[in-house]
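According to UniProt numbering, the residues represented by the sequence shown are 1 to 415, in order.
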Amino acid sequence: APAPPPARHLFSDPAEVEALRRNLLAWYDRCKRDLPWRALVRGDIGKQGPALLPAVWVSEIMLQQTQVATVIDYYTRWMQKWPTLQALAQASLEEVNELWAGLGYYSRGKRLQEAARKVVSELAGRMPRRAEELQKLLPGVGRYTAGAIASISYGQATGVVDGNVIRVLCRLRCIGADSSSPAVIDQLWDMANVLVDRSRPGDFNQALMELGATVCVPKSPLCGECPVKQHCQAWRRKLFGKAPPVPDVEDCGVGDCPLCPPATEPWDSSLGVTNFPRKAAKKPPRAMRTATCVLERRGCHGAPEYLIVQRPSSGLLAGLWEFPSVPLAQDLQEEKEREELADHLQAWMGQPVAAKGLRFIGEVIHIFSHIHQTYVVYSLHLDGDVTLDPALSPSRWVTEDEFHASAVSTAMKKV
Ligand code: SF4
Numbered sequence: 001a002p003a004p005p006p007a008r009h010l011f012s013d014p015a016e017v018e019a020l021r022r023n024l025l026a027w028y029d030r031c032k033r034d035l036p037w038r039a040l041v042r043g044d045i046g047k048q049g050p051a052l053l054p055a056v057w058v059s060e061i062m063l064q065q066t067q068v069a070t071v072i073d074y075y076t077r078w079m080q081k082w083p084t085l086q087a088l089a090q091a092s093l094e095e096v097n098e099l100w101a102g103l104g105y106y107s108r109g110k111r112l113q114e115a116a117r118k119v120v121s122e123l124a125g126r127m128p129r130r131a132e133e134l135q136k137l138l139p140g141v142g143r144y145t146a147g148a149i150a151s152i153s154y155g156q157a158t159g160v161v162d163g164n165v166i167r168v169l170c171r172l173r174c175i176g177a178d179s180s181s182p183a184v185i186d187q188l189w190d191m192a193n194v195l196v197d198r199s200r201p202g203d204f205n206q207a208l209m210e211l212g213a214t215v216c217v218p219k220s221p222l223c224g225e226c227p228v229k230q231h232c233q234a235w236r237r238k239l240f241g242k243a244p245p246v247p248d249v250e251d252c253g254v255g256d257c258p259l260c261p262p263a264t265e266p267w268d269s270s271l272g273v274t275n276f277p278r279k280a281a282k283k284p285p286r287a288m289r290t291a292t293c294v295l296e297r298r299g300c301h302g303a304p305e306y307l308i309v310q311r312p313s314s315g316l317l318a319g320l321w322e323f324p325s326v327p328l329a330q331d332l333q334e335e336k337e338r339e340e341l342a343d344h345l346q347a348w349m350g351q352p353v354a355a356k357g358l359r360f361i362g363e364v365i366h367i368f369s370h371i372h373q374t375y376v377v378y379s380l381h382l383d384g385d386v387t388l389d390p391a392l393s394p395s396r397w398v399t400e401d402e403f404h405a406s407a408v409s410t411a412m413k414k415v
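Given below as C-alpha cells:
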C-alpha cells in the first residue's frame with residue numbers, strides 16, 4: 001500500500017478540525033449570500049402529496065458550468081414550472097430545452113428530466129437520500145452532486161469536492177501536485193469527508209464552497225478577511241517565506257511527495273498563496289467550421305419568417321433547433337463552402353439552390369467547452385414557397401419572436 005501523505009497535507013488534529021468547522025460556520029452564518037435555492041428547504045420526508053423536486057439538485061446541476069448570476073433566473077423559472085418530481089417527469093424534452101435555452105451544456109437539463117422520470121416510474125416517486133444511492137441510481141448525478149443533495153437536502157454527513165473546494169483545500173494544505181489527477185482528487189475527497197461538520201453537513205459544505213467563491217478566489221484571494229487563515233498552510237508559507245514548521249516536514253517537498261509541487265516547479269514567492277492549486281495544461285479546443293444559412297420568407301401576415309431545423313437527439317446540442325447547417329472540412333475555399341451549403345439546402349427544399357445566390361453575412365465564433373466553432377453565415381431570401389422534405393429532421397418556419405422563444409442555443413442566437 002502507498003505510504004500515507006505527510007501530516008502537513010492532512011487534517012489529523014481533531015482539535016484543529018473542530019476549530020476550523022466552528023470558524024467557517026460562524027463566518028457562513030454572518031456572510032452567506034442570499035441565493036434563492038437557500039431559501040427552499042426541500043427535504044419532504046413524511047409530507048403528503050407529490051414529492052417536491054429537491055431545490056439543491058436543480059441549482060447544482062445548473063451551477064455545474066454556469067455562473068450564479070446567470071443561473072438565478074433559470075432556476076426560478078424552472079422551480080415555478082416544475083416544483084415536483086411528478087411535474088418534471090411529465091414535461092416534454094422540448095419544454096425542457098426551451099427553458100434551458102441559453103444556459104449551455106444542454107444534456108444537463110435532459111438528464112435532470114430523465115432522472116425525475118426514473119424516480120417517478122421506477123422508484124415509486126421516492127427520491128434516494130444517500131449520496132451512494134443518488135450517484136448510482138440517477139442519470140446525470142455524479143459524486144459531487146450526490147454529496148451536495150445528500151448533505152444539503154437530507155442531512156447526510158458527507159463531504160463534497162467541486163472546483164471551489166479543490167482550490168480551498170489545496171491552499172489550506174499546500175497541495176501542489178496536479179489537482180486534476182485521480183490521486184489528488186481522491187485525497188481531497190478523503191479530506192472533505194474528514195472535515196465535514198457532523199451536525200450541520202449541508203451548511204458546512206455550502207460554507208466551504210462559498211469561501212472559494214467569495215474569499216479564496218482564484219486570482220486575488222482576500223486572505224486578510226479569511227475566517228480559516230490560521231489553518232492555512234499556504235497563507236503561513238506566504239507570511240514566513242518557507243514551509244511551516246510541522247514535525248514531519250523533512251519528508252515532504254524533497255521531490256518524492258505525491259502531493260507537493262513537482263521539484264521542477266517549486267514555490268514561486270511572487271505568486272503567494274496562488275501557487276496552489278496547480279493543474280496540468282489543458283488540451284486546446286478542437287477547431288470546427290460550420291456553414292449555416294438563414295433562410296427567410298415572407299410569412300402569411302407579411303412579417304419575415306425563418307427556417308429552423310431540429311438537431312439529432314444525441315450528441316452536441318441534442319434536440320435543439322438551428323438554422324440549416326452543415327459541418328465543413330478545414331481549409332476549404334469559399335466557393336467550395338458555398339457549394340456544400342447549397343447542396344445541403346437543396347436536400348431540404350427538394351429544389352436546386354444556386355450557390356451564387358447565397359449572400360455571405362459574416363463569421364460567428366462560439367466556444368464550446370472543447371470546441372472552437374466558427375459559423376460561416378449566409379442568408380437566402382425565398383420568393384415563392386417551398387415544400388420541405390418531411391423525411392428529414394423536423395423543421396418549422398418561425399418569426400423572430402418565435403425564434404427567441406424556441407429551444408435554440410446561444411450560438412444560434414449570435415448567428
Ligand atoms: Fe484561501 Fe487565503 Fe484563506 Fe488560505 S488564507 S484559505 S489562501 S483565502
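Ideal Cβ positions, reconstructed from N, Cα and C, are used throughout, including at glycine.
This structure is a prediction, so every number in the text was calculated from the model and none was measured.
The beta carbons of Arg21 and Phe204 sit about 6 Å from each other, so the pair counts as a contact at 8 Å. The Cβ-Cβ distance between Gln230 and Cys174 does not fall below 9 Å.
Counting only runs of 3+ residues, the beta strand (DSSP E) found wholly inside the stretch 227–311 occupies 286–298, 304–310, in chain order.
Set against 8 Å, the gap from the CB of Cys232 to the closest heavy atom of ligand 1 is smaller. About 7 Å separates the beta carbons of Thr274 and Lys219, which is inside the 8 Å limit, making them a contact pair.
Distance between Met127 and Glu114, taken at the CA atoms: about 13 Å. Buried is the label assigned to Gly202, since at least 16 other Cβ atoms lie within 10 Å of its Cβ. Proximity of the stretch 281–290 to the stretch 185–194 falls short of the contact definition, fewer than three beta-carbon pairs being nearer than 8 Å. Closest by C-alpha distance to Leu52, out of Gln67, Gln65, Trp82, is Trp82. For His9, there is no enclosing beta strand (DSSP E), since its DSSP letter is neither H nor E.
In this structure Cys257 is in contact with Pro6, their Cβ atoms being roughly 6 Å apart against a cut-off of 8 Å. Ligand 1 approaches Arg171 closely enough that one of its heavy atoms is under 8 Å from the residue's Cβ. With the rule of 3 Cβ pairs closer than 8 Å, the stretch 316–323 counts as touching the stretch 99–112. In the DSSP assignment, Phe360 falls within the unbroken beta strand (DSSP E) covering 359–367.
Per DSSP, reduced to three states, the secondary structure at Trp189 is helical.
His9 and Glu210 have their C-alpha atoms some 22 Å from each other. In the displayed model, Ile371 falls within a strand according to three-state DSSP. Boundaries around Leu341 are those of the alpha helix (DSSP H), 334–349, since no beta strand (DSSP E) includes it. Taken in chain order, the complete alpha helix (DSSP H) segments of 4 residues or longer contained in the stretch 92–118 are 93–100.
In its chain, beyond the 5 residues on either side, Pro285, Arg286 have a beta carbon closer than 7 Å to the beta carbon of His370. Judged by DSSP secondary structure, Pro14 falls within the alpha helix (DSSP H) whose first and last residues are 14–31. Just so you know, the alpha carbons of Gln351 and His404 end up roughly 28 Å apart.
DSSP places Asp178 in the strand class (E or B) of the three-state scheme.
By a beta-carbon distance limit of 8 Å, Thr145 contacts Ile61. Their separation comes to about 7 Å. Taking C-beta atoms as the reference points, Lys413 and Gly102 count as a pair closer than 9 Å.
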